[in-house]
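Participant: Here it is, the structure, as structure tokens.
Residue numbers (the UniProt record's numbering): 1 to 215.
What follows is the structure, given as structure tokens:
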């Protein structure tokens with residue numbers, strides 16, 4: 001539990017395209033020395049790792065700037081490999097806002113973070129039936145256009161939050177689009193944005209292939 005207004009120290013894993021949401025799972029293969037150290041530190045303390053996207057590619061000697069909002073997760077499963085690598089699964093807890101980056105002598109980066117803007121992450125409202133239907137329909141169109149094989153019966157059995165966040169995690173969107181999905185205040189707004197993104201990227205792909213013109 002965090003105190004309102006209090007800054008919390010978090011160890012971060014900046015990774016482009018990797019989104020974590022509250023109650024969602026994110027499997028990660030950890031092989032770089034700095035992130036092996038991060039996992040070891042998390043396991044020795046509170047098992048928490050904060051996922052956040054960098055705004056730019058990393059350059060040697062220049063840590064990339066970060067987006068303002070990420071999501072902290074708890075290590076729910078860990079497999080330590082003989083060569084020092086880890087396979088872990090993070091379970092999302094809450095989004096956070098970066099307050100400041102800390103100057104610490106660790107291989108991995110650390111920040112002070114605030115959770116004040118994300119009280120609603122503790123629960124999720126169900127989608128309206130029309131939004132759910134529109135999301136499933138556009139997901140099928142997008143998957144067909146990309147040649148993806150999907151078990152739609154299994155998809156239909158997912159609860160609204162798992163469906164929306166699952167698509168947001170695996171969809172091949174760019175970093176900025178992924179960040180917009182993470183920052184969406186509600187599941188309904190995230191679902192609506194997903195529909196717009198899938199329509200845009202599907203039509204753009206068709207335009208690039210010369211099959212249709214996107215206006």
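Every residue, glycine too, gets a C-beta built ideally from N, C-alpha and C.
For residue 155, which three-state DSSP category applies?
Facilitator: Mapped onto the chain shown, residue 155 falls at position 155. Helix.
Participant: Using a 10 Å radius around the Cβ and a threshold of 16 neighbouring Cβ atoms, would you call residue 111 buried or exposed?
Facilitator: To locate residue 111, count along the chain shown from 1; it is residue 111. With 16 or more Cβ atoms within 10 Å of its Cβ, residue 111 is classed as buried.
Participant: Going by other Cβ atoms of all chains shown within 10 Å of its Cβ, with 16 needed for buried, is residue 173 buried or exposed?
Facilitator: Looking up residue 173 in the chain shown gives position 173. Burial call: buried.
Participant: Which residue wins for smallest C-alpha separation from residue 156, given the options 147, 139 and 148?
Facilitator: Residue mapping note: residue 156 aligns to position 156 of the chain shown, counting from 1. Comparing Cα positions, the closest option is 139.
Participant: Cβ of residue 106 within 9 Å of Cβ of residue 37?
Facilitator: As a position in the chain shown, residue 106 is number 106, starting the count at 1. As a position in the chain shown, residue 37 is number 37, starting the count at 1. Yes, Cβ-Cβ distance for residue 106 and residue 37 is below 9 Å.
Participant: Would you mind reading off the limits of the alpha helix (DSSP H) that contains residue 118?
Facilitator: Taking the chain shown and counting its residues from 1, one reaches residue 118 at position 118. Premise fails: residue 118 is in no alpha helix (DSSP H) and is neither H nor E.
Participant: Tell me the rounded alpha-carbon separation between residue 92 and residue 76.
Facilitator: As a working mapping, residue 92 is identified with position 92 in the chain shown. As a working mapping, residue 76 is identified with position 76 in the chain shown. The alpha-carbon atoms of residue 92 and residue 76 are separated by roughly 10 Å.
Participant: Helix, strand or coil: how does DSSP classify residue 33 here?
Facilitator: Within the chain shown, numbered from 1, the residue matching residue 33 stands at position 33. In the structure shown, residue 33 sits in a helix (DSSP, three-state: H, G or I).
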